[in-house]
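One structure is given below, encoded as structure tokens.
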Amino acid sequence: MAGTKVLVSPVSMLMIHNPMTVAFGNSAEMQKAIDMLGSVKDSILNAYEIKTGLSRTKLSHLMDAETWMDANKAIELGFADEIMQRSAVTDEIPVPQVSMMFSNAAIMNSLMDKLAAKCEIKAKPEKAETKIKADSLMDRLNLIKNWR
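Sequential numbering of the sequence shown, starting at 38, is according to the working numbering.
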């Protein structure tokens, strides 16, 4: 219900419902969750009441019933102000930009390219040869295991 004018798509659906949560704990923790949900519902009712002009009782019943409404019903009840219309003037966006606009792969590739440009990948140093023989290490291990 933010903004000075609420526009809805002609194909949109609006649903209002009671607040929900998940709680874990003892009875005191559960009571805190219940109290919090009551406060959240009151806050939502405040916003709906200001926007729609409907009574809190009517709004509460609509929330309890998990009410779905199309764009026309949302306007009729005051949840929205008008249905969006396509403007006569359209700014054309070149096709390549549109197709890449929401591509997660393109974003990830761009990020990886930027990181690669900043990072210098160093080769792993070769392991130095140890000059200790396995038999010597086994003797030490046996001494540790059987020290008592």
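Heads up, the beta-carbon is just placed ideally off N, CA and C, and yes, glycines get one too.
Assignment of D118 by DSSP, reduced to helix, strand and coil, places it in the coil class. Here DSSP, grouped into helix, strand and coil, assigns M38 to coil. For I53, the uninterrupted beta strand (DSSP E) run begins and ends at M50 to I53, by DSSP. Between A60 and the set S49, L51, M73 and D118, the nearest pair of CA atoms involves M73.
With a cut-off of 8 Å on Cβ pairs, the region 109-127 is not in contact with the region 60-69, counting fewer than three such pairs. The secondary-structure analysis by DSSP pairs M106 across a beta bridge with L51. The criterion of a C-beta distance shorter than 8 Å is satisfied by L51 and A111. Closest in C-alpha terms to Y85, from the list A143, G75, G40 and L96, comes L96. The Cβ-Cβ distance between P56 and I87 does not fall below 8 Å. Exclusion of the five residues before and after T104 leaves I53 as the residues of its chain whose Cβ lies within less than 6 Å of its Cβ. Judged by DSSP secondary structure, L91 falls outside any alpha helix (DSSP H); it is assigned neither H nor E.
Residue burial is scored here from C-beta neighbours: M106 has at least 16 other C-beta atoms within 10 angstroms and is therefore classed as buried.
CA-CA distance, K155 to M145, rounds to 15 Å.
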